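Trainee: Note that the protein sequences, when read in sequence, are chains A and B.
Heads up, the first sequence is in our numbering, so the first residue is 374 and it goes up one at a time.
Heads up, the second sequence is in our numbering, so the first residue is 2 and it goes up one at a time.
Below you will find the structure I want to go over with you.
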Amino acid sequence: MSTILTYIAISDGKLKRSSLEVLSHCKSLADAAGASCEAVVIDANASSFIEGIQKYGASKVHVVEDPIFKNHMNTPLLKALSKVMSSINPSVFAFASTEGTKDVLGALAANQNAAVIADVASFKLIDGGVTAKRPVMAAKIMNNTEAKSDKVLVSVRSGSYDLNESPESAEVVNIDFSMDDSEMKSTLREIISASGDTIDLNEAEAIVAAGRGVKDEDGKALISELASVLKAGIGASRALTESGVYDPSLQIGQTGKVVSPQLYIAVGISGAIQHVAGMANSKVIVAINKDPDAPIFEVADYGIVGDLYKVLPPFIEEIKKIKS
Amino acid sequence: MPDVYAPLQIKEGELIMDADRMVLNAYDASAVEEALVLKEKHGGEVEVVCIGPAKASETIRKALAMGADKATHIIASGDEEYDSASYAKILSAFFKDKEYDVIGLGKQSQDTDSGLTGSMVAEHLSLPYTTNAVGLEVENGNLVVKRQGDSGQEMIELPTPCAVTCSNDMNDPRIPNLKGIMASKRKPIDQVEISSLGIDETELQADTKVTSYEEKPARQAGKKYEGEAEEVAREVAQLLDTEANVL
Ligand SMILES: Cc1cc2nc3c(=O)[nH]c(=O)nc-3n(C[C@H](O)[C@H](O)[C@H](O)COP(=O)(O)OP(=O)(O)OC[C@H]3O[C@@H](n4cnc5c(N)ncnc54)[C@H](O)[C@@H]3O)c2cc1C
Ligand SMILES: Nc1ncnc2c1ncn2[C@@H]1O[C@H](COP(=O)(O)O)[C@@H](O)[C@H]1O
């Protein structure tokens, strides 16, 4: 029986929801194809995540636990993934398309002589491989890409699939791992984290995103207040991450993150294709912009034409009222 | 690569666009810029390598006009259906017996967003590498890379030789000036045939294939609310609750 394997990413000590989305999809593909749906988790505390993974229907959870995985580093991750692939020999190995995945996916494909399709919006099995839909040309259009191989790696954009619980008492398989210091090809010197408790944009139900129209501390304060009323994550356009107004981790778009929250509020963002590429899959989009011809209005469900400094205070106040 | 801003059309699953509009990938422009900055600070030489059809020479000139010292053009006919894995194999074969400190690549191609070639090349050549670099420094002969990770930024030290893929968040690539453009015409572009690189060409056959293109399910533009700020703000907030159900 062939195996469809899903990599479960851990980030900041939490299961990445996007990898559970991928697992949910792989479970339904495996059921339809009569294949075995399995998962692998690689982390310093990998075993503490087993229960959370079991809820999504894997029949086996492979566990690689070693302190070296406390922080992301590509050398040990690649070694572990290669070992897992060689021993499980999955026909499909699926990942959520996180920065951690992007760092190793090509190298893993080269190492395992596997075919690879990165950053897909959806995929399914075909005879002898996988076919996927990918946004291309700055996400203006889609293409269909086929990989014919007995080993296919695929990474999936967050928000592409719904979570689907289907409890099964998955068997747990521990995989030995050890790594010599001498094998480390690079050194992680330090991690510069964004200050404070930020909401993971890939998982946020709502996002308030600021663009160049947000000009000063007063504007930032309005963004923070709106985000806090909505329990939303804060995102930003490149204009504001580049100028250091917001942390680079918050950039949304082709270079930044691809997000798909229930509610996306773009404030003072023009709607350049590279920004839209990262947010067009949001369920409901609200745009606040003083230029009635701003391209962001072409993708917005609700467009407010006006000065954000005048629009946001009553907007926030009204939402507060509704929420209370 | 083709210019993503060029008008395009899809006819019966095929992508039709002006194939003559070839441009330098924005992420590669950032890699070139960063190489030039490192050269200005630490000396050395900047060489660019491009696999592409004859008309890719314009793109190569652009990098030379920015200030790169020399170039290698690995000639492809343009009819091959190569994927990232094929390009990575060609690049690896090219670099195999070369001397270099750092191979800089783009973090992804702007048209396909694949983002695979860099780490494939590193794996083929067994090089230390990192991806999605937003800053580079040289310290004691090592490359110190600031990498944008999922939540924070990672400072990673790589011994040379190594490979790094660059984000456009790293810098603003310089626009070539007239002097640079004139100088670029005198700089050497070495032309290399793929067949001379000693690769088994069946190995280059792509594992992945684009079978068709299609329009994206379009988003309907919704309603625009214009008028007195206070009023429209409250109206839309209400609608988010009662109509869109997202509050
Ligand atoms: C390869 C590549 C990758 C890129 N990747 C990304 C990416 O990942 N993410 C990204 O965001 N960009 C990306 N960009 C950059 C992108 O092209 C735009 O430059 C950027 O998105 C612009 O940001 P902005 O909308 O905030 O600024 P602007 O385009 O300057 O727009 C500002 C908007 O604010 C409005 N405004 C001003 N004042 C007010 C006010 N008081 N009230 C209301 N509205 C106001 C203006 O009308 C205008 O529409 C990329 C570019 C390239 C080439
Ligand atoms: N034909 C090519 N010639 C030179 N470099 C390439 C070529 N194709 C890809 N690359 C490099 O690989 C990077 C990422 O490619 P991709 O995997 O297509 O996203 C690019 O930004 C380039 O630096």
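The C-beta atom is built at its ideal place from N, Cα and C for all residues, glycine as well.
In this text, all values refer to a predicted model and were calculated from it rather than measured experimentally.
Taking the CB atoms as reference points, tell me whether residue 102 of chain B and residue 161 of chain B lie closer together than 8 Å.
Mentor: Note that the C-beta distance between residue 102 of chain B and residue 161 of chain B is below 8 Å.
Trainee: Below 8 Å between beta carbons: does that hold for residue 395 of chain A and residue 529 of chain A?
Mentor: A contact, by the Cβ cut-off of 8 Å.
Trainee: Looking at the secondary structure, which residues open and close the beta strand (DSSP E) in which residue 662 of chain A lies?
Mentor: 657–662
Trainee: Against chain A, does residue 149 of chain B count as a neighbour if the rule is that its beta carbon must be under 8 Å from one of theirs?
Mentor: yes
Trainee: How many angstroms separate the CA atom of residue 512 of chain A from the CA atom of residue 640 of chain A?
Mentor: The alpha-carbon atoms of residue 512 of chain A and residue 640 of chain A are separated by roughly 21 Å.
Trainee: For the beta strand (DSSP E) containing residue 416 of chain A, list its first residue and its last residue.
Mentor: 409–416
Trainee: From the beta carbon of residue 386 of chain A, is the nearest beta carbon of chain B less than 8 Å away?
Mentor: no
Trainee: Across the stretch 63–78 of chain B and the stretch 675–686 of chain A, are there enough close Cβ pairs to call them in contact, namely three or more that are closer than 8 Å?
Mentor: With a cut-off of 8 Å, the stretch 675–686 of chain A and the stretch 63–78 of chain B do not count as touching, because too few Cβ pairs lie within range.
Trainee: Any beta carbon from chain A within less than 8 Å of residue 225 of chain B's own beta carbon?
Mentor: At least one C-beta of chain A is nearer than 8 Å to the C-beta of residue 225 of chain B.
Trainee: Cα-Cα, which of B/247, B/181, B/172 is closest to residue 34 of chain B?
Mentor: B/172
Trainee: Any beta carbon from chain B within less than 8 Å of residue 585 of chain A's own beta carbon?
Mentor: no
Trainee: Spatial neighbours of residue 680 of chain A within its chain, please: CB distance less than 6 Å, with the 5 preceding and 5 following residues excluded, ordered by chain position.
Mentor: Result list for residue 680 of chain A: 663, in chain order.
Trainee: Between residue 606 of chain A and residue 612 of chain A, is the Cβ-Cβ spacing less than 8 Å?
Mentor: no
Trainee: What number of angstroms, rounded off, separates the C-alpha of residue 244 of chain B from the C-alpha of residue 602 of chain A?
Mentor: For residue 244 of chain B and residue 602 of chain A, the distance between alpha carbons rounds to 19 Å.
Trainee: Enumerated in chain order, which unbroken segments of the beta strand (DSSP E) with a length of 3 residues or greater are wholly contained in the stretch 43–81 of chain B?
Mentor: 48–53, 71–76
Trainee: Report the option in A/668, A/655, A/632 whose CA atom is closest to the CA atom of residue 644 of chain A.
Mentor: A/668
Trainee: Any idea if residue 183 of chain B is buried or exposed, counting beta-carbon neighbours within 10 angstroms, 16 or more meaning buried?
Mentor: exposed
Trainee: Hey, residue 494 of chain A and residue 525 of chain A: beta-carbon distance below 8 Å or not?
Mentor: No, the Cβ-Cβ distance between residue 494 of chain A and residue 525 of chain A is not below 8 Å.
Trainee: With a threshold of 6 Å on Cβ separation, who are the neighbours of residue 656 of chain A within its own chain once the five nearest residues in sequence on each side are excluded?
Mentor: 635
Trainee: Which whole-angstrom value is the C-beta distance of residue 387 of chain A and residue 537 of chain A, which I expect to be below 8 Å?
Mentor: Actually they are not in contact, since the Cβ atoms of residue 387 of chain A and residue 537 of chain A sit about 19 Å apart, beyond 8 Å.
Trainee: Where do the N-terminal and C-terminal ends of the alpha helix (DSSP H) with residue 682 of chain A fall, by residue?
Mentor: 681–696
Trainee: Would residue 552 of chain A pass as a contact of residue 452 of chain A if the rule is Cβ separation under 8 Å?
Mentor: yes
Trainee: Counting only Cβ-Cβ distances shorter than 7 Å, please list the residues of the stretch 417–432 of chain A near chain B, keeping chain order.
Mentor: none
Trainee: Does residue 178 of chain B come out as helix, strand or coil in the three-state DSSP assignment?
Mentor: coil
Trainee: I'd like the list of long-range same chain contacts for residue 132 of chain B, defined as Cβ closer than 8 Å, with 5 residues on each side in sequence excluded.
Mentor: 108, 116, 119, 120, 148, 165, 166
Trainee: Starting from residue 484 of chain A, trace the alpha helix (DSSP H) in both directions and tell me its first and last residue.
Mentor: 472–485
Trainee: Anyone know if the C-beta pair for residue 531 of chain A and residue 633 of chain A falls short of 8 Å?
Mentor: yes
Trainee: Give me the residue from B/178, B/154, B/177 with the minimum Cα distance to residue 566 of chain A.
Mentor: B/154
Trainee: Tell me residue 426 of chain A's beta-bridge partners as DSSP assigns them.
Mentor: Per DSSP, none; premise fails for residue 426 of chain A.
Trainee: Regarding residue 80 of chain B and ligand 2, is the C-beta to nearest heavy atom distance less than 7 Å?
Mentor: no
Trainee: Do residue 518 of chain A and residue 211 of chain B have their C-beta atoms closer together than 8 Å?
Mentor: The beta carbons of residue 518 of chain A and residue 211 of chain B sit closer together than 8 Å.
Trainee: Ligand 2 heavy atoms versus the CB of residue 132 of chain B: any closer than 7 Å?
Mentor: no
Trainee: Just the C-alpha distance for residue 17 of chain B and residue 504 of chain A, rounded to the nearest angstrom, thanks.
Mentor: 22 Å
Trainee: What ranges does the beta strand (DSSP E) occupy inside the stretch 85–135 of chain B, keeping only unbroken runs of at least 3 residues that lie completely in it?
Mentor: 103–107
Trainee: From which residue to which residue does the beta strand (DSSP E) around residue 608 of chain A run?
Mentor: 606–609
Trainee: Could you check if residue 531 of chain A belongs to the surroundings of ligand 1, using beta carbon to heavy atom distance under 7 Å?
Mentor: no
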